[in-house]
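Chains as they are written, first to last, in my numbering: chain A, 1 to 337; chain B, 1 to 337. Worksheet: the structure to be examined is printed underneath.
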DNA sequence: AGAGACGATGTGACCGTGCACATACAAGGA
DNA sequence: TCCTTGTATGTGCACGGTCACATCGTCTCT
């Protein structure tokens with residue numbers, strides 16, 4: 001009876017070496033594609049590997065090389081649709097390149113919390129970090145921490161010197177606003193995201209740019225918190241003032257809440273007021289009225305982030321991507337004046 | 001000039017020992033809360049740790065203990081709201097217990113893909129796996145693979161013998177259906193999820209149970225794919241037959257699409273037809289009409305999964321949770337007949 | 001008082017890799 | 001022919017922890 005003794009130890013590089021009749025170092029060379037290996041020898045080793053069902057021990061490798069082949073994701077998003085979609089792209093791209101991914105969700109964005117999160121990821125010896133912390137504050141903390149580790153932020157802060165990338169939020173917001181202007185609206189309100197979110201600022205800037213260029217009046221933006229609930233309250237508040245005919249909302253959730261608020265207040269969309277959102281979440285095409293919005297490719301954003309990060313890690317030329325295009329999806333909620 | 005020499009090596013356990021004037025083993029004992037350490041000695045060591053800003057090397061620890069303090073998440077969800085929310089709960093709970101989390105997204109659910117994903121996680125030496133692979137098929141593959149690793153599935157398959165848990169989908173679906181019955185509806189249609197999804201089956205069963213119990217006719221369920229787009233098509237199709245007055249939809253996305261389809265077909269909700277969804281996604285409260293649905297606490301589900309998994313890993317008594325309660329949220333889309 | 005038990009600490013080996021260096025042999029140039 | 005150069009492989013150690021065992025002193029029981 002060949003009962004496995006206690007805890008069958010996994011085969012190691014030396015077991016493979018013994019079976020193949022070579023030294024453990026030769027096995028290591030085969031595993032790492034070292035050039036100076038005779039094809040014949042290589043075949044013997046690969047055979048032995050197959051026979052033993054050998055798998056390299058990543059912990060041991062990480063110990064000796066100080067590289068873990070693992071990327072960290074630092075996420076400070078409350079479960080927004082966009083960032084979540086990007087994470088999928090990040091993971092896929094990372095796995096493709098042979099990296100695994102360790103995700104860390106930030107509950108608070110205090111400098112302390114960010115610091116401890118970064119330390120945690122450092123302890124795990126991740127080789128690089130993708131930051132999905134859209135708050136301006138987070139960004140500053142990161143820069144100030146003198147992280148000794150390559151990292152990429154999915155958001156571009158104005159005047160940032162680190163390597164970052166993002167869909168062109170400003171252009172997207174500008175397109176959306178220009179769309180409303182093109183429909184004949186001249187009094188356009190903006191419901192923005194929280195003050196310290198980078199995207200919120202970018203989208204607001206796009207809105208302001210478009211209005212300024214068209215010589216139209218701007219309104220002080222209303223600061224929201226991304227949630228549909230806030231959009232609803234905003235809709236009820238806005239119903240009191242009727243000095244506008246269109247609203248550009250910084251994300252779809254708030255826009256959908258806004259539609260609800262308007263509906264309850266007796267304001268018809270798009271007859272009385274046109275509404276345009278941002279993100280193109282899956283239900284945007286199905287709410288009533290269907291929501292005009294700005295589409296962006298979140299997973300692709302994540303994939304690009306990984307490519308940039310890996311180039312940084314490997315010391316290769318960092319690829320320069322053009323800004324990721326956003327697309328306006330025109331639907332029922334925006335109509336000519 | 002105190003330029004860092006080449007690559008400043010991180011302080012190791014022996015550096016700490018030297019500074020504290022003890023042996024490296026004593027430091028190790030302090031780190032692992034060994035009982036036999038004099039408070040005085042412990043203080044010295046902790047001081048040295050603080051001075052050197054020492055952090056244990058997780059790879060080294062993993063190498064010698066064959067434990068990584070890392071959990072794996074095997075996700076086979078296309079980005080559904082529910083599973084994604086659960087992942088957040090999983091990560092939080094895991095971090096709290098000192099475990100990090102490595103997520104792996106499955107693109108396909110073929111046995112080969114699942115197998116290679118499991119091997120990948122095994123290579124990373126995760127101590128246990130949380131499976132979010134709601135497809136029945138995945139579940140069978142997992143059982144058949146004789147995984148030598150603790151794992152928990154977030155979904156309960158009928159007659160499963162592994163450790164699993166889940167919100168009580170059947171009860172939730174039953175409550176939703178009973179709600180419609182209570183409103184006076186007797187012809188209630190069900191739009192289900194894909195055939196091999198565990199949740200889809202559970203929700204359908206709850207629907208069937210409620211109808212059978214009330215001695216009402218059942219209809220062959222319509223098989224959807226969870227997407228809002230499908231819901232829209234279903235709405236247009238259903239508009240042709242008018243042999244029903246209520247629809248219970250297996251998730252909110254499809255329900256919202258259905259509302260859209262009905263709207264386009266001239267069917268009024270809830271005047272002509274009542275609709276109830278499932279999941280209570282954030283916009284459900286704001287679409288037109290606002291959507292009655294079944295709320296469930298996804299993050300809590302993830303947290304429970306982690307507790308069960310850790311108990312399994314540590315060889316402790318596995319906690320028995322009662323089924324997670326679901327709550328019916330009654331809104332505009334369901335009304336008396 | 002002597003022996004055993006226990007508490008507090010130290011010593012050395014080992015986990016599975018990769019790296020630096022050594023070695024052996026073949027090929028090529030002076 | 002001898003030395004240099006390059007290719008293919010082997011040897012020993014280091015990485016940073018934990019584990020098993022040894023050691024030493026103190027306390028307690030007979």
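For each residue, glycine too, the CB sits at the ideal point set by N, CA and C.
Between residue 313 of chain B and chain A, the shortest Cβ-Cβ separation is not below 8 Å. Where residue 238 of chain B is concerned, the enclosing alpha helix (DSSP H) starts and stops at 228-238.
The residue among A:326, A:35 and A:12 with its C-alpha nearest the C-alpha of residue 173 of chain A is A:326. With the criterion set as a beta carbon lying under 9 Å from some beta carbon of chain A, the members of the segment 91-115 of chain B are 91, 92, 95, 100, 101, 102, 103, 104, 105 and 107, in sequence order. Taking a cut-off of 8 Å on C-beta distances, the segment 48-63 of chain B does not touch the segment 82-94 of chain B, as fewer than three cross pairs fall below it.
For the pair residue 288 of chain A and residue 228 of chain A, the Cα-to-Cα distance works out to about 14 Å.
Between residue 276 of chain B and residue 334 of chain B, the beta carbon gap of about 5 Å places them in contact (Cβ cut-off 8 Å).
Annotation: Cβ neighbours of residue 63 of chain B in chain A (cutoff 9 Å, chain order): 57, 59, 60, 62 and 63.
Taking a C-beta distance under 8 Å as the contact criterion, residue 192 of chain A and residue 205 of chain A do not qualify as a contact pair. DSSP, read as helix, strand or coil, puts residue 294 of chain B in strand.
Residues of the segment 301-326 of chain A with a Cβ closer than 8 Å to any Cβ of chain B: none. Here residue 235 of chain B is actually not in contact with residue 278 of chain B; their C-beta atoms are around 17 Å apart, not less than 8 Å. Under DSSP, residue 70 of chain A shares a beta bridge with A:100. The three-state secondary structure of residue 281 of chain A, taken from DSSP, is coil. Here residue 51 of chain B is exposed, its C-beta having fewer than 16 other C-beta atoms within 10 Å.
Contact holds between the segment 128-146 of chain A and the segment 74-86 of chain A, because three or more Cβ pairs, one in each stretch, are under 8 Å apart.
Under DSSP, residue 248 of chain A takes part in a beta bridge, and its partners are A:190 and A:276. Within the segment 113-143 of chain A, 123, 124 and 125 place their CB atoms closer than 7 Å to a CB of chain B, listed in sequence order.
Neighbourhood of residue 295 of chain B in chain A, by CB distance below 9 Å: empty, with the nearest CB roughly 15 Å away. One finds nothing in chain B with a Cβ atom closer than 9 Å to the Cβ of residue 270 of chain A; even the nearest lies about 14 Å away.
Burial check for residue 215 of chain A: the Cβ neighbour count within 10 Å stays below 16, so the residue is exposed. For residue 327 of chain B, the enclosing beta strand (DSSP E) has its first and last residue at 327-329.
In the structure shown, the three-state DSSP call for residue 181 of chain B is helix. DSSP, read as helix, strand or coil, puts residue 25 of chain A in helix. Taking all protein chains shown into account, residue 21 of chain B has fewer than 16 neighbouring C-beta atoms within 10 Å of its C-beta and is therefore exposed.
When the five nearest sequence neighbours on each side are left out, the beta carbons in the same chain lying within less than 8 Å of the beta carbon of residue 303 of chain B are those of 89, 90, 92 and 93, in order along the chain. Measuring C-alpha to C-alpha distances from residue 14 of chain B to each of B:242, B:323, B:36 and B:56 identifies B:56 as the nearest.
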